[in-house]
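See below for the structure under consideration.
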Ligand SMILES: C[S@@+](CC[C@H](N)C(=O)[O-])C[C@H]1O[C@@H](n2cnc3c(N)ncnc32)[C@H](O)[C@@H]1O
């Protein structure tokens, strides 16, 4: 197995059966979004928008307009196909680019979504600072971020360090929210069922692809990664880490 996983190639297969690419059901995401008072005049910015499913849910349910930004050609193409197929192409604009290079117009959006993508800005607080500038004074931010309270086992901490994944305590998350001049209105914590489903769909997609292509060395590497991740998931992550989706707004 090679040392470096090509994570973009891995996730392009692993997420191929997902709707929302996060451990969150459509219903619970929409419950959160319903707090934002969106209507046909509302503008949403979705950073790291993936296959477009979360934006699609919002545009379909509330009639709003969504600007999607994602670096992946595969996911932005899939998002375009989704919106065109559902007759909602006029409700979105899709930018295939690094979200760090996107021009964030000041106070333009009624809702900014950052679901599972804060790391691309350098972490939770840096993401909040960037996104808070783009939201109107009456607008909202929905952001997903992990947290852990207990002292984490050494082996799991080593895994986190190696993968560049940061896991804050909820106290640290709250401090960052305060420091960025935001208030927290609502929290969702992914259930074990939502998280099991999210992980298992990834593993099955990789396994199915590897079976269909037995001579593919990269897929064999990916199977090795799956095995490591399953161990980390079952032994540590499932017990120690929460996935939070937070609804925030400017103070
Ligand atoms: C975990 S997925 C989440 C997708 C979507 N937010 C959702 O919840 O369904 C992370 C997404 O971030 C995108 N991404 C990663 N780095 C990025 C960057 N620098 N700029 C824009 N998108 C990025 C990936 O292509 C991927 O689609």
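Residue numbers (my numbering): 2 to 252.
Cβ coordinates follow ideal geometry from the N, Cα and C atoms, glycine included.
Remember, predicted model here, so these are calculated numbers, not experimental data.
Residue i (DSSP reduced to helix, strand or coil)
{"i": "residue 105", "result": "coil"}
{"i": "residue 115", "result": "strand"}
{"i": "residue 171", "result": "helix"}
{"i": "residue 57", "result": "helix"}
{"i": "residue 74", "result": "helix"}
{"i": "residue 31", "result": "helix"}
{"i": "residue 148", "result": "strand"}
{"i": "residue 25", "result": "coil"}
{"i": "residue 192", "result": "coil"}
{"i": "residue 3", "result": "At residue 3 the pLDDT is 49, less than 50, meaning the model places this residue with poor confidence; the figure from the coordinates comes in the next sentence. Reduced to three states, the DSSP call for residue 3 is coil."}
{"i": "residue 204", "result": "helix"}
{"i": "residue 220", "result": "helix"}
{"i": "residue 99", "result": "coil"}
{"i": "residue 184", "result": "strand"}
{"i": "residue 40", "result": "coil"}
{"i": "residue 153", "result": "coil"}
{"i": "residue 46", "result": "strand"}
{"i": "residue 252", "result": "coil"}
{"i": "residue 177", "result": "helix"}
{"i": "residue 126", "result": "helix"}
{"i": "residue 87", "result": "coil"}
{"i": "residue 13", "result": "helix"}
{"i": "residue 51", "result": "coil"}
{"i": "residue 225", "result": "helix"}
Classification of residue i by the beta-carbon crowding that lies within 10 angstroms, buried from 16 upward
{"i": "residue 193", "result": "exposed"}
{"i": "residue 57", "result": "buried"}
{"i": "residue 146", "result": "buried"}
{"i": "residue 55", "result": "buried"}
{"i": "residue 24", "result": "buried"}
{"i": "residue 240", "result": "exposed"}
{"i": "residue 118", "result": "buried"}
{"i": "residue 238", "result": "buried"}
{"i": "residue 200", "result": "buried"}
{"i": "residue 166", "result": "exposed"}
{"i": "residue 236", "result": "exposed"}
{"i": "residue 128", "result": "buried"}
{"i": "residue 261", "result": "For residue 261 there is no data in the structure shown, the boundaries of the chain being 2 and 252."}
{"i": "residue 177", "result": "buried"}
{"i": "residue 203", "result": "buried"}
{"i": "residue 1", "result": "Here the chain covers residues 2 to 252 and nothing more, so residue 1 does not appear."}
Per DSSP, cross-strand counterpart(s) of residue i
{"i": "residue 93", "result": "67"}
{"i": "residue 139", "result": "Answer is none; residue 139 lacks a bridge partner."}
{"i": "residue 230", "result": "Residue 230 is not bridged to any residue."}
{"i": "residue 110", "result": "136"}
{"i": "residue 244", "result": "147"}
Beta-carbon proximity list for residue i, same chain, < 6 Å, skipping 5 on both sides
{"i": "residue 79", "result": "52"}
{"i": "residue 252", "result": "182, 184"}
{"i": "residue 243", "result": "148, 190"}
{"i": "residue 6", "result": "226"}
{"i": "residue 83", "result": "53, 57"}
Inter-residue CB distance, residue i and residue j (contact presumed, cutoff 8 Å)
{"i": "residue 50", "j": "residue 70", "result": "6 Å"}
{"i": "residue 143", "j": "residue 112", "result": "7 Å"}
{"i": "residue 233", "j": "residue 160", "result": "5 Å"}
{"i": "residue 64", "j": "residue 47", "result": "Not a contact, Cβ separation roughly 16 Å."}
{"i": "residue 174", "j": "residue 125", "result": "6 Å"}
Contacting residues, own chain, Cβ-Cβ under 7 Å from residue i (five flanking each side not counted)
{"i": "residue 75", "result": "13"}
Proximal residues to residue i (C-beta, below 8 Å), its chain only, five neighbours per side dropped
{"i": "residue 206", "result": "14, 15, 16, 17, 18"}
{"i": "residue 250", "result": "136, 139, 140, 141, 142, 183, 184, 186"}
{"i": "residue 106", "result": "135"}
Proximity test, residue i beta-carbon vs ligand 2 heavy atom, cut-off 6 Å
{"i": "residue 23", "result": "Looking at this structure, you won't find ligand 2 anywhere; what it does contain is ligand 1."}
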